[in-house]
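Undergrad: Provided herewith is a single structure, encoded as structure tokens, for subsequent inquiry.
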Amino acid sequence: MAVSEFEGRKPVLGKGTYVHPSADVIGAVTIGSGCWIGPGARIRGDYGTIVLGDNTSVEDNCVIHARPNESTRIGNSVTIGHGCIIHNATVHDYAVIGMGSVVSDYAVVGRWAVVAEGAVVRQRQEIPAESIAVGVPAKVLDKTVGEEYKAEWSRFKDIYADLARRYPQGLREV
Numbered sequence: 009m010a011v012s013e014f015e016g017r018k019p020v021l022g023k024g025t026y027v028h029p030s031a032d033v034i035g036a037v038t039i040g041s042g043c044w045i046g047p048g049a050r051i052r053g054d055y056g057t058i059v060l061g062d063n064t065s066v067e068d069n070c071v072i073h074a075r076p077n078e079s080t081r082i083g084n085s086v087t088i089g090h091g092c093i094i095h096n097a098t099v100h101d102y103a104v105i106g107m108g109s110v111v112s113d114y115a116v117v118g119r120w121a122v123v124a125e126g127a128v129v130r131q132r133q134e135i136p137a138e139s140i141a142v143g144v145p146a147k148v149l150d151k152t153v154g155e156e157y158k159a160e161w162s163r164f165k166d167i168y169a170d171l172a173r174r175y176p177q178g179l180r181e182v
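Letter by letter, the sequence shown follows residues 9 to 182 in this note's numbering.
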């Protein structure tokens with residue numbers, strides 16, 4: 009794993025957080041407890057600041073970055089699917105960012121909101137809490153996230169928290 013200081017800006021990793029050996033965490037990055045940072049992820053706080061809450065999963069090949077002297081903030085128990093880009097945006101607790109999605113500058117994704125696979129959340133766009141956004145550009149559907157969905161995704165989120173606990177002892181080169 010490459011956890012690197014850049015010009016005096018040092019990453020801070022919470023207790024029980026796992027960063028895969030092929031991931032990079034650079035500069036002013038704060039990652040909460042129990043997080044999973046998957047293979048190929050790049051979290052760059054080289055000239056901006058990145059903050060991730062507890063129990064958040066950043067899956068394989070994601071990019072998280074921020075503009076100079078600005079920040080990207082990601083809440084607790086957020087799932088960021090494979091291949092996502094989040095740039096200078098805010099993602100609130102329990103949100104699900106589907107595989108291959110983009111969340112662009114100054115966008116806000118609400119609590120328990122879902123950004124569907126491949127969707128593009130435009131600059132300054134707001135996805136309300138418990139809503140579902142799909143497409144390019146992302147459009148909010150006329151339906152909301154229900155309790156059944158929340159229960160199912162809570163179980164999925166627990167899988168990555170469990171992986172963060174298991175990987176340090178279980179991953180071995182062959």
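In this text, a Cβ means the ideal position worked out from N, Cα and C, and glycines have one as well.
Just so you know, these numbers come straight off a predicted model, no measurement behind them.
Pick out whichever of K147, I51, I94 and D101 has its Cα sitting closest to the Cα of S85.
TA: D101
Undergrad: Name, in chain order, the residues that DSSP records as bridge partners for I167.
TA: In the DSSP output, where bridge partners are listed per residue, I167 has none listed.
Undergrad: Hey, quick one: how far does the beta strand (DSSP E) through R17 stretch, first residue to last?
TA: R17 -> no beta strand (DSSP E), and no H or E assigned at all.
Undergrad: For a minimum of 3 consecutive residues, which ranges assigned as the beta strand (DSSP E) are wholly contained in the segment 96-178?
TA: 139-142 and 147-152
Undergrad: Is T25 helix, strand or coil by DSSP?
TA: coil
Undergrad: Could you tell me the distance, in whole angstroms, from the CA atom of S41 to the CA atom of D32?
TA: 17 Å
Undergrad: Give me the DSSP bridge partner(s) of V71.
TA: DSSP, once it has assigned bridges, lists R50 and I93 as partnering V71.
Undergrad: Could you check if P29 is buried or exposed, using at least 16 other CB atoms within 10 Å of its CB as the buried criterion?
TA: exposed
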